[in-house]
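What follows is one structure encoded as structure tokens, with my remarks underneath.
Residue numbers (the numbering used here): 624 to 965.
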């Protein structure tokens with residue numbers, strides 16, 4: 624059975640990644656591509672690397688006949704996304720890649736994103752899209768909110784450890800490096816080649832990064848009490864990938880065993896042998912997550928490192944994994960591409 628798919632926001636990095644993955648999907652067919660700023664152009668004109676695909680030209684989202692669409696991916700900026708999604712027919716399933724429906728409390732959204740939420744009824748309906756931990760709810764959902772890429776990486780490390788009460792909840796430090804594509808495709812001075820290459824920098828230091836809202840929400844719910852981690856992201860001079868390093872108080876063997884048990888049946892999460900650490904090179908262009916555990920030289924302290932591709936497993940690949948569940952097809956369909964190396 625073939626399912627008809629639309630993408631709103633098809634001219635951004637996550638839109639292009641969705642198209643790349645959907646191009647070889649066995650049962651999804653792209654019927655409409657919307658990018659209001661580039662409406663009327665061919666996909667090949669916007670993304671020459673996809674010019675070999677026979678796909679419809681870009682249109683405005685208002686031009687799409689949603690009666691003919693089974694599922695829509697929405698890859699728009701926050702605030703814009705909720706405005707568009709609230710106008711879509713109730714018959715269409717939606718996977719949102721923005722931040723608009725990740726936080727369950729409207730006040731949390733106001734706190735982290737600076738404005739009131741304009742679709743609170745849909746906010747209540749949305750299911751958080753971290754597939755491995757919300758699989759059953761995602762399968763039944765009409766609206767799924769994709770996670771932040773940084774938030775996903777940190778949660779793959781920390782959720783099993785918090786859930787099993789294996790680490791000191793008041794002593795969690797997460798240090799993360801993200802490739803420049805995580806900042807989106809729009810022009811920004813600090814992302815110019817001369818400003819970014821041959822260097823790196825920390826940003827949103829001291830607890831201002833918006834993905835902390837997701838960490839607070841998810842970790843506190845798991846622990847049954849408030850959990851606030853220290854988190855510092857860094858912008859790296861590479862195109863795609865996230866490498867996250869967590870420093871926790873606990874026992875290394877117990878941490879490794881918990882991660883192995885949590886992900887033993889997961890097709891996309893690989894836990895490495897004790898002492899090995901992952902590289903972004905090893906997951907580039909794929910939907911895989913690699914996690915490594917190392918005992919610190921000081922007893923009772925553990926270092927856990929995770930790598931994923933921010934555009935794939937951190938965003939578009941996760942979105943497709945969720946869409947597969949929502950439409951009742953094999954969860955891994957279209958996603959078993961091997962990483963691209965070197």
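Every residue, glycine too, gets a C-beta built ideally from N, C-alpha and C.
Problem set entry | Completely contained alpha helix (DSSP H) runs for the region 688 to 726, where each covers 4 or more residues | 703 to 708
For this session: Just grab the DSSP bridge partners of residue 799 for me.
Result: 856 and 867
Exercise. Distance, Cα to Cα, residue 949 vs residue 633?
Worked result: 21 Å
Exercise. So what's residue 886 in DSSP terms, helix, strand or just coil?
Worked result: coil
For this session: Taking residue 925 and residue 881 to be in contact with their CB atoms under 8 Å, please state how far apart those CB atoms are, rounded to whole angstroms.
Result: With 8 Å as the limit, residue 925 and residue 881 do not qualify as a contact, their Cβ atoms being about 11 Å apart.
Exercise. By DSSP, does residue 794 sit in helix, in strand, or in coil?
Worked result: coil
Problem set entry | Cβ pair count under 8 Å reaching 3, the region 845 to 860 against the region 799 to 812 | yes
Exercise. Is residue 730 helix, strand or coil by DSSP?
Worked result: helix
Exercise. Got a sec? Which residues, its chain only, sit under 6 Å from residue 879 by beta carbon, not counting five neighbours each side?
Worked result: 897 and 916
Exercise. So which of 965, 883, 942 and 952 has the shortest CA-CA distance to residue 902?
Worked result: 965
Exercise. Near residue 814, which residues of its chain fall below 8 Å by C-beta distance, leaving aside the five closest residues on each side in sequence?
Worked result: 803 and 806
Problem set entry | Nearest residue (CA-CA) to residue 714, options 697, 691 and 698 | 691
Problem set entry | Counterpart residues of residue 918 in DSSP-defined beta bridges | 925
Exercise. How should residue 873 be labelled, buried or exposed, when 16 other C-beta atoms within 10 angstroms of its C-beta is the threshold for buried?
Worked result: buried
Problem set entry | Outcome for residue 660 when other beta-carbon atoms lying within 10 angstroms are tallied against a minimum of 16 | exposed
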